[in-house]
Amino acid sequence: MPKPKVGPAPPPEDIFEFSMDSEEAQSLHFNRKSSEKMSPLSKYIESEHQQAGLFSLSPFNGSLDAANDLQKKRRKKCGACVSCLRNENCGTCANCLNRKTGKQICKLRKCDELKRRRSELEVSELLMN
DNA sequence: CCTAACGTCCAG
DNA sequence: CTGGACGTTAGG
Numbered sequence: 021m022p023k024p025k026v027g028p029a030p031p032p033e034d035i036f037e038f039s040m041d042s043e044e045a046q047s048l049h050f051n052r053k054s055s056e057k058m059s060p061l062s063k064y065i066e067s068e069h070q071q072a073g074l075f076s077l078s079p080f081n082g083s084l085d086a087a088n089d090l091q092k093k094r095r096k097k098c099g100a101c102v103s104c105l106r107n108e109n110c111g112t113c114a115n116c117l118n119r120k121t122g123k124q125i126c127k128l129r130k131c132d133e134l135k136r137r138r139s140e141l142e143v144s145e146l147l148m149n
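Per the numbering used here, the first sequence runs over residues 21 to 149.
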C-alpha cells in the first residue's frame, strides 16, 4: 500500500468545497427565495444572521464597522409621504381589522418607502410607466 | 413591561 | 403574486 494514510476519508479542504452548496449559498445571498423550499439549515442560518448581525470571525477590525453599517436593520417610516402623514388608521382595512393577528400598520398609513420591499425595488417604475 | 410595526415565511 | 400569520425589533 503506497498510501495507507488517505483512504475512505478525503482531505477536509475537499469536503468543504464539495459539501458546500454553492448554488444554495448564492441563492441565499442574491435571491434567498425563488422556488426553493430550503432546508431548516438555511432558515437557521438566516435567523442567525438577522439576530446576531455580528460574526465572531473578524480578521478586519476596521472594516467591521463598515459591514455593520450595511446591516439590514429595520427601517422606519420616511414621514414625508401621504401615508406617513396619515396619523389616523382607517379602521376598515384588513390590517386595521386584523391588527392583533397581522401585526401590521393600516394600509393607508403604510409608508410608501416601506411598501413591500419583498418584490425587490423598482416596483414604482413599473407602476409609474 | 406592553404595544406598535417591520421583515420574512407559508398558504391561497 | 398577494395576503395573512408569526417572530422579532423598537419605542413609550
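Each residue gets a CB set at the ideal place from its N, CA and C atoms; glycine is no exception.
- Linking N107 to C126 through their CA atoms gives a straight-line distance of about 10 Å.
- In the three-state scheme derived from DSSP, where H, G and I count as helix and E and B as strand, C131 is classed as coil.
- Between N109 and R129, the beta carbon gap of about 6 Å places them in contact (Cβ cut-off 8 Å).
- Within 10 angstroms of the beta-carbon of C98 lie fewer than 16 other beta-carbons, which makes it exposed.
- With respect to the 7 Å criterion, D132 and C101 are classified as neighbours on the basis of their beta carbons.
- Between the C-alpha atoms of K135 and T121 there is a straight-line separation of about 19 Å.
- Excluding sequence positions up to five before and after N115, its CB lies within less than 6 Å of the CB of G122, Q124, C126, K127, all in the same chain and listed in chain order.
- In the three-state reduction of the DSSP assignment, C110 falls in the coil class.
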